[in-house]
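Quick notes on the structure that follows.
Numbering (this note's numbering), first residue to last: 1 to 309.
Structure follows, in structure tokens:
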């Protein structure tokens, strides 16, 4: 059984290769049962996410999520990933689930944005400063080479400044934004990766033809954008699970602002299109993701080397 620590897992998942692996996996498909979700105490959520291909690999990710860790100066998410031969059950590898989760989350939204955002998009706004948010500038710049300017906003101004400084050292054209509304109004693409339970993005702020990614909220109580931001856009999801589990979509439905059949398609549909093909001039687009074990399996296959045994 092979072991891939965080460094080895990260090194095996460059964004160009990962984005392509996700595209191929969404087209190819795999078995993805509903995730198991359990509340553990007052401030901890446990997720168990399996996926497999009967003639290939089987993977199981376990994730613990503790939003209160921000006040403990700890990451809000920990996870591990176990890979098996799907025919024999033989354990093949143990990988760092944090790296798989964060990198595939950023890559999936960048992949969707490459299909949904305007080909003329030049300014990206990242909302958040955590693990996933820190990866979005590189992921989006890989998928959308036309990006020329990147802004980052966080509730804690010092966190945004720190992230911007860190990424500038990598050669990315990034700066911290102090005013969220002003930054949203300037952006062609707004990408949110937070654990917010209250709307951060207002529909009234979004420019005509802009693209909004919401990837932080994965429960009915979590929300990153208001109903106007959702109801006024062409809606796409990673999977239909987003329609059932995301507060960003459930709450507008409850308010009568969004119909259940409003979505135009999912990420598998987008993967069958070319860059920019799902963008309609003058229309805002929205991609809502809650994550899927298919993405984890695609990333794990890449880490392991694509071998079935």
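Glycine residues also receive a C-beta, built at the ideal position from the N, C-alpha and C atoms.
Keeping to the same chain, check which residues put their C-beta closer than 8 Å to that of residue 54; ignore five residues upstream and five downstream.
-> Against the chain shown, residue 54 aligns to sequence position 54. Result list for residue 54: 31, 86, 87, in chain order.
Considering residue 182, what are the terminal residues of the alpha helix (DSSP H) in which it resides?
-> As a position in the chain shown, residue 182 is number 182, starting the count at 1. Counting along the chain, the alpha helix (DSSP H) containing residue 182 begins and ends at 180 to 186.
Check whether the Cβ atoms of residue 267 and residue 238 sit closer than 8 Å, and answer yes or no.
-> Taking the chain shown and counting its residues from 1, the one referred to as residue 267 is at position 267. Taking the chain shown and counting its residues from 1, the one referred to as residue 238 is at position 238. It is a contact, given that the beta carbons lie within the stated cut-off.
Where in the segment 148 to 210 do unbroken runs of the beta strand (DSSP E), each at least 3 residues long, occur, reported from the N-terminal end onward?
-> Complete beta strand (DSSP E) runs here, min 3: 149 to 153, 174 to 176, 189 to 192.
Contact check, residue 123 vs residue 186 under 8 Å by CB: the rounded distance?
-> Taking the first residue of the chain shown as 1, we reach residue 123 at position 123. Taking the first residue of the chain shown as 1, we reach residue 186 at position 186. Confirmed, Cβ separation roughly 6 Å.
For residue 37: DSSP bridge partner residues | Against the chain shown, residue 37 aligns to sequence position 37. Looking at the DSSP assignment, residue 37 forms a beta bridge with 47.
Opening and closing residue of the alpha helix (DSSP H) in which residue 278 lies | As a first step, residue 278 must be located in the chain shown, where it is residue number 278. DSSP places residue 278 outside any alpha helix (DSSP H), giving it a letter other than H or E.
Segment limits, alpha helix (DSSP H) that includes residue 230 | On the chain shown, residue 230 is found 230 positions in, with the first residue counted as 1. Here the alpha helix (DSSP H) through residue 230 covers 227 to 231.
Evaluate residue 13 with the Cβ neighbour count: other Cβ atoms within 10 Å of its Cβ, from every protein chain shown; 16 or more gives buried, anything less gives exposed.
-> For the purposes of this step, residue 13 is identified with residue 13 of the chain shown, where counting begins at 1. Looking at its Cβ environment, which holds 16 or more other Cβ atoms inside 10 Å, residue 13 is buried.
Secondary structure, beta strand (DSSP E): runs of 3+ residues fully inside the segment 89 to 155 = Note on the segment 89 to 155: whole beta strand (DSSP E) runs with a minimum of 3 residues are 91 to 96, 123 to 127, 149 to 153, in chain order.
To the nearest angstrom, report how far apart residue 162 and residue 137 are at their CA atoms.
-> Looking up residue 162 in the chain shown gives position 162. Looking up residue 137 in the chain shown gives position 137. Cα to Cα, the separation comes out at about 14 Å.
Cβ shell of residue 202 (< 8 Å), same chain only, five flanking positions each side left out = In the chain shown, counting from the first residue as 1, residue 202 sits at position 202. Excluding five sequence positions before and after residue 202, the CB atoms of its chain that fall closer than 8 Å to its own CB belong to 181, 184, 225, 226, 228, 229, given in chain order.
DSSP bridge partner residues for residue 265 (one or two, in chain order) = Taking the chain shown and counting its residues from 1, one reaches residue 265 at position 265. Partner(s): 236.
Return the first residue and the last residue of the alpha helix (DSSP H) that residue 247 is part of.
-> For the purposes of this step, residue 247 is identified with residue 247 of the chain shown, where counting begins at 1. Per DSSP, residue 247 belongs to the alpha helix (DSSP H) from 247 to 254.
Please state if the CB of residue 94 and the CB of residue 215 are separated by a distance shorter than 8 Å.
-> In the chain shown, residue 215 corresponds to position 215, counting from 1. In the chain shown, residue 94 corresponds to position 94, counting from 1. In this structure, residue 215 keeps its C-beta atom at 8 Å or more from the C-beta atom of residue 94.
What is the DSSP secondary structure of residue 218, reduced to helix, strand or coil?
-> Numbered from 1 along the chain shown, position 218 holds the residue referred to as residue 218. Residue 218 falls in the coil class under three-state DSSP.
Limits of the alpha helix (DSSP H) - the one that residue 296 falls within | As a working mapping, residue 296 is identified with position 296 in the chain shown. Residues 293 to 304.
When you compare only the Cα positions, how much space is there between residue 26 and residue 70?
-> Taking the chain shown and counting its residues from 1, one reaches residue 26 at position 26. Taking the chain shown and counting its residues from 1, one reaches residue 70 at position 70. Distance between the alpha carbons of residue 26 and residue 70 is about 33 Å.
Should the segment 160 to 175 be regarded as contacting the segment 196 to 212, the criterion being three or more beta carbon pairs within less than 8 Å?
-> Put simply, the segment 160 to 175 does not touch the segment 196 to 212. Fewer than three CB pairs are less than 8 Å apart.
Per DSSP, cross-strand counterpart(s) of residue 77 = Working through the chain shown from its first residue, we reach residue 77 at position 77. When DSSP reads this structure, residue 77 sits in a beta bridge with 65.
Less than 8 Å separating the beta-carbons of residue 217 and residue 247?
-> Locating residue 217 in the chain shown gives position 217, counting from the first residue. Locating residue 247 in the chain shown gives position 247, counting from the first residue. Residue 217 is a Cβ neighbour of residue 247, given a cutoff of 8 Å.
Determine, using beta carbons only, whether residue 299 and residue 115 come nearer to each other than 8 Å.
-> Here residue 299 refers to the residue found at position 299 of the chain shown. Here residue 115 refers to the residue found at position 115 of the chain shown. Going by C-beta atoms, residue 299 is not nearer than 8 Å to residue 115.
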